[in-house]
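A.B. asks: Going by the numbering used here, the sequence shown wraps up at 509, each residue one higher than the last.
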Amino acid sequence: MTVLYRLDSPAAAIAARFGAEAGDDPWAGGAIAPGRFAPVITAGREAIAGPRGAAQPRRMVPRLWGVPPPPSAGDGGRGVLSVRKPDSPFWIGNLRNSEFRCLVPATAVIEWGRADPQTGRRRQHRFTLSDQPLFAFAGVWKDSEVPSFALLTCEANARWREAGHTAMPAILPGETEAWRLWLNAGWEAAARLLAPYPSSLVCETQ
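(1) According to DSSP, what are the bridge partners of PHE438?
(2) By the three-class DSSP mapping on this structure, what secondary structure does ALA352 have?
(3) Just checking my contact of ASN487 with ALA346 at CB under 8 Å: how many whole Å lie between their CB atoms?
(4) Buried or exposed for VAL443, going by 16 or more other Cβ atoms inside 10 Å?
(5) Looking at ARG309 and ALA409, is the spacing between their C-beta atoms short of 8 Å?
(6) Grab the span of the alpha helix (DSSP H) containing THR479 for me, first residue to last.
(7) Which of the three DSSP states, helix, strand or coil, is assigned to GLY416?
(8) Checking the sheet assignment: what are the DSSP bridge partners for HIS428?
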């Protein structure tokens with residue numbers, strides 16, 4: 304499970320890349336860990352009450368990484384970082400309502416690999432994309448006491464499997480149409496984007 308990623312781009316560059324209004328988010332770049340605020344891109348409709356007319360501009364807003372779990376989870380209240388079963392009752396309502404889907408910008412993913420059989424230490428893998436220096440995960444947010452988000456997952460590609468994982472965060476293609484579908488389309492169309500990113504485009508860097 305992804306527990307760390309990086310976003311080494313300032314707010315203005317992120318907003319320009321994804322066609323969003325930067326707003327007041329002062330993000331300057333850095334590592335993002337669970338329980339920290341990070342920029343996400345929404346379709347801009349969550350702040351509008353009543354009937355919705357023309358399309359609204361996308362907004363870059365801060366959200367907490369880690370959605371409060373349902374009371375039945377009984378895990379001490381740790382935030383849920385990723386969505387492994389999107390059809391579960393906990394997630395499906397938000398995913399079907401496109402205003403709760405979001406783009407989660409990133410520049411690198413940090414994954415912990417298998418433990419070394421001799422030392423017991425786990426190797427850290429840092430993945431970037433050759434075709435998208437600044438990319439977006441498929442995300443979903445919930446309007447809890449503190450608005451928070453989680454990352455959608457999909458089957459792991461070869462790079463993630465080599466690191467010992469069966470799932471990976473769902474990375475969206477670097478096309479405006481893919482972003483539009485995730486933010487605006489019905490759930491059936493949006494769910495088709497939850498596919499392994501091509502391994503040939505994933506680079507491991509130090």
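Glycine included, every Cβ here is placed at the ideal spot set by N, Cα and C.
C.D. replies: So, from the listed chains and residues:
(1) Translated into the one-based positions of the sequence shown, residue 438 becomes position 135. BP columns for PHE438 point to ALA409.
(2) Within the sequence shown, residue 352 is the residue found at index 49, counting from 1. A caution first: ALA352 carries a pLDDT of 45, below 50, which makes its placement in the model unreliable, though a value can still be read off. Note: ALA352 maps to coil in three-state DSSP.
(3) For the purposes of this step, residue 487 is identified with residue 184 of the sequence shown, where counting begins at 1. For the purposes of this step, residue 346 is identified with residue 43 of the sequence shown, where counting begins at 1. Going by Cβ atoms, the distance from ASN487 to ALA346 rounds to 6 Å, so yes, they are a contact pair.
(4) Position 140 of the sequence shown, counted from the start, is the residue given in the question as residue 443. Result: buried.
(5) Counting from one through the sequence shown, the residue named residue 409 turns up at place 106. Counting from one through the sequence shown, the residue named residue 309 turns up at place 6. Cβ atoms of ALA409 and ARG309: closer than 8 Å.
(6) For this step, residue 479 is matched to residue 176 along the sequence shown. Start and end: 479-487.
(7) As a first step, residue 416 must be located in the sequence shown, where it is residue number 113. Note: GLY416 maps to strand in three-state DSSP.
(8) Taking the first residue of the sequence shown as position 1, residue 428 is located at position 125. Beta-bridge pairing links HIS428 to GLU414.
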